[in-house]
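Residue numbers (the working numbering): 25 to 478. Cβ atoms here follow ideal geometry from the backbone N, Cα and C, with glycine treated the same way.
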């Protein structure tokens with residue numbers, strides 16, 4: 025608690041001081057001709073990268089007060105073990121003195137401030153490799169105190185440098201799965217940009233090599249119940265090597281996908297960070313694989329009311345069947361019956377689509393409801409027919425269906441044994457139970473349903 029009070033007190037001091045950038049004065053300093061303080065006081069975490077080079081931190085001492093033209097002096101002293109323990113007791117901390125071979129710093133530094141000088145600095149360097157070899161169960165610090173013949177700000181006269189050793193990593197900035205969907209009406213080529221980044225101030229030149237991880241396709245399909253194929257090598261180009269320069273923390277790679285020689289289908293391009301030429305940098309494993317989904321979709325078949333029927337539509341909740349094609353948004357959804365009065369042991373709650381022309385292969389997408397996830401489909405079954413009477417099961421989907429609101433789902437490609445003109449898009453299970461089981465009150469809702477087929 026004492027530590028927290030000290031922290032908030034220091035933050036308050038800093039905010040007050042920042043309000044006077046125009047003349048270097050603050051209201052609470054009006055009574056002092058000159059006052060001295062550490063620009064950054066209290067506990068300061070110092071990131072020490074394991075790169076085989078020392079890490080430098082510049083300690084800054086500031087002169088303030090009502091008379092900035094006054095001369096002054098300051099002395100920065102490295103505190104001893106007893107003084108550090110006294111600080112620990114007062115602030116409920118448990119720091120140990122950083123061993124002398126882990127840093128380079130003067131024990132005592134004197135400054136003279138001329139009338140035109142407001143700040144003086146001096147460096148402290150840390151050896152990250154030696155610090156990393158210390159006891160991992162202890163926290164180490166390098167404590168300094170500030171004194172002067174002038175007034176010293178009591179809240180900002182102690183500085184503890186707490187080195188934190190980190191291994192520098194490189195990774196993709198965002199590895200969330202993204203799907204690109206195109207049809208014949210879209211341009212043949214699509215250009216994507218993805219970012220590779222280092223989460224620190226980069227001071228080095230090095231290369232990063234990007235490759236393809238073919239094994240990731242099967243793993244993704246297994247984990248998500250999908251049927252992606254590896255995007256053929258002839259269908260894409262990408263930047264295989266990017267070069268980082270000092271001062272550059274991120275680089276963009278370009279990926280170009282060309283569908284000119286592709287068949288309709290779902291494809292996956294698994295980009296993998298393979299190598300970094302800096303000997304001390306590590307590739308961050310959990311952000312080293314970037315999956316780009318590419319769907320060369322069938323022609324879109326726009327839905328309208330003349331094509332649609334259903335066995336369990338709720339009127340007054342959403343916009344009925346229109347909710348399947350009127351866009352995404354609050355109140356623009358389709359909702360099936362939630363009273364439990366509609367039970368179909370085979371088809372559950374279904375939407376029936378009558379196509380003007382027969383198709384044999386289809387793919388569908390849908391958006392879950394935008395403002396709730398209480399009716400996300402948990403089992404979808406597809407049936408086909410040519411007369412609306414005799415039906416043939418095409419597939420059952422249970423794996424990989426989204427359970428969050430306002431989420432887009434895209435199915436795989438399904439090819440029937442023969443062309444068909446009717447499709448029953450059936451939901452037989454939802455979060456509240458089965459639609460085909462007496463006594464359950466299962467239902468579903470959607471924001472939009474999109475059909476592709478030929």
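query: Alpha helix (DSSP H) segment containing residue 246, residue limits; result: 239-248
query: In DSSP terms, what residue 277 is bridged to; result: 218
query: Of the residues 415, 437 and 181, the one placed nearest residue 421, counting alpha carbons only; result: 437
query: Within 9 Å, strictly: CB atoms of residue 288 and residue 318; result: no
query: Sequence-distant residues of its chain with Cβ nearer than 6 Å to residue 407 (five each side left out); result: 415, 417 and 448
query: Spatial neighbours of residue 155 in its chain, beta-carbon cut-off 8 Å, leaving aside the 5 residues before and after; result: 72, 122, 126, 164, 187 and 189
query: Which of helix, strand or coil DSSP assigns to residue 155; result: helix
query: Whole-Å CB distance - residue 99 paired with residue 132, under 8 Å assumed; result: 7 Å
query: beta-carbon residue 150 near the ligand NAP non-hydrogen atom, thresh 8 Å; result: In the structure on display, the ligand NAP does not appear, and there are no ligands present to speak of.
query: Which residues DSSP lists as bridging residue 201, in chain order; result: BP columns for residue 201 are empty, so no partner.
query: Option in 295, 205, 323 and 301 with minimal Cα separation from residue 311; result: 295
query: Integer Cβ distance of residue 196 from residue 103, believed to fall under 8 Å; result: Not really, about 43 Å apart at Cβ, beyond 8 Å.
query: Residue 82 to residue 68 span [Cα, whole Å]; result: 11 Å
query: Sequence-distant residues of its chain with Cβ nearer than 7 Å to residue 285 (five each side left out); result: 258 and 259
query: Cβ contact (3+ pairs, closer than 8 Å) linking the stretch 223-241 and the stretch 263-276; result: yes
query: Other residues of its chain near residue 300: CB distance less than 7 Å, five sequence neighbours each side excluded; result: 194, 230, 232 and 307
query: Cα-Cα separation, residue 370 to residue 335; result: 12 Å
query: Sequence ranges, beta strand (DSSP E) only - wholly within the stretch 49-103, length at least 3; result: 59-62, 66-73, 79-88 and 96-102
query: From 302, 304, 256 and 323, residue whose alpha carbon lies closest to that of residue 292; result: 256
query: Three-state secondary structure (DSSP) of residue 468; result: coil
query: DSSP-derived helix/strand/coil call for residue 306; result: strand
query: Three or more C-beta pairs below 8 Å linking the stretch 241-249 and the stretch 213-220; result: no
query: Close beta carbons around residue 201, own chain, < 6 Å, minus the five adjacent residues each side; result: 315
query: Simplified DSSP assignment, three categories, for residue 331; result: helix
query: Residues near residue 435 in its chain [Cβ-Cβ closer than 6 Å; skip 5 each side]; result: 387 and 388
query: Inter-residue Cα distance where the pair is residue 170 and residue 129; result: 15 Å
query: Residue nearest to residue 461 in terms of C-alpha spacing, selected from 303, 146 and 363; result: 363
query: Proximity of residue 222 and residue 274 at Cβ, strictly below 9 Å; result: yes
query: Beta-carbon gap between residue 360 and residue 451 smaller than 9 Å; result: yes
query: Span of the alpha helix (DSSP H) around residue 115; result: 105-115
query: Beta-carbon gap between residue 372 and residue 455 smaller than 9 Å; result: no
query: Reference residue 442; option with closest CA among 410, 419 and 429; result: 410
query: Per-residue DSSP class, three states only, for residue 453; result: strand
query: Straight-line Cα distance separating residue 59 from residue 173; result: 10 Å
query: Cβ-based neighbour list, residue 49, same chain, cut-off 8 Å, excluding 5 preceding and 5 following; result: Any answer about residue 49 is weak, because its pLDDT of 42 lies below 50 and its placement is not dependable; what the coordinates show is given next. Result list for residue 49: 88, 89, 90 and 92, in chain order.
query: Span separating the alpha-carbon of residue 181 from that of residue 150; result: 22 Å
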